[in-house]
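This report refers to the structure that appears directly beneath it.
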Amino acid sequence: MFEAERITYRNFWLEQALAEEGDPAPAPPLESERRCDIAIVGGGYTGLWTAIDLKRRDPSLDVVLIEKEICGWGGSGRNAGYLLNM
Numbered sequence: 017m018f019e020a021e022r023i024t025y026r027n028f029w030l031e032q033a034l035a036e037e038g039d040p041a042p043a044p045p046l047e048s049e050r051r052c053d054i055a056i057v058g059g060g061y062t063g064l065w066t067a068i069d070l071k072r073r074d075p076s077l078d079v080v081l082i083e084k085e086i087c088g089w090g091g092s093g094r095n096a097g098y099l100l101n102m
């Protein structure tokens, strides 16, 4: 079976932010039950903005965002947004 190579490239904005702030310490893995009103899996544009919007609408909501890497690490941090005229 083919095993994908782990991507280590970081975009310019992430490199700049981490150069100023330093690499965040890894969070411990989730090992027990965690209750919340809303759980969002994925810290890309959609996940982050959904969490922000939910808290703006109802600050009493317990919103949990779960992300394996640094937020914005996946497609949200790598998409250059190119459009081609065909």
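For the sequence shown, position 3 matches number 19 in our numbering, and the numbering has no gaps at all. Glycine included, C-beta positions come from ideal geometry on N, C-alpha and C. All figures in this text were calculated on a predicted structure; none of them were measured in a lab.
- Roughly how many whole angstroms lie between the Cα atoms of glycine 93 and glutamine 32? 13 Å
- Locate the alpha helix (DSSP H) running through leucine 64, then write down its first and last residues. 61-73
- Query: Between the region 49-64 and the region 81-89, do three or more beta carbon pairs fall short of 8 Å?
  - Reply: Yes, they touch.
- Query: Which value, in whole angstroms, describes the spacing of the CA atoms of glycine 63 and arginine 72?
  - Reply: 14 Å
- DSSP on leucine 81, reduced to helix/strand/coil? strand
- Message: For leucine 70, tell me which candidate among Glu83, Asp53, Ile82, Lys84 has the shortest Cα-Cα distance.
- Response: Distance from the Cα of leucine 70 is smallest, within the candidate group Glu83, Asp53, Ile82, Lys84, for Asp53.
- Would you please state the rounded distance, in angstroms, between the beta carbons of valine 55 and isoleucine 82? I believe it to be under 8 Å. Before going on, a small fix: residue 55 reads as alanine here, not valine. About 6 Å; that satisfies the 8 Å criterion.
- Message: Less than 7 Å between C-beta atoms, sequence neighbours within five positions excluded: which residues of the same chain meet that for arginine 50?
- Response: Val80.
- Coarse secondary structure for alanine 41, derived from DSSP in three states: Three-state result, alanine 41: coil.
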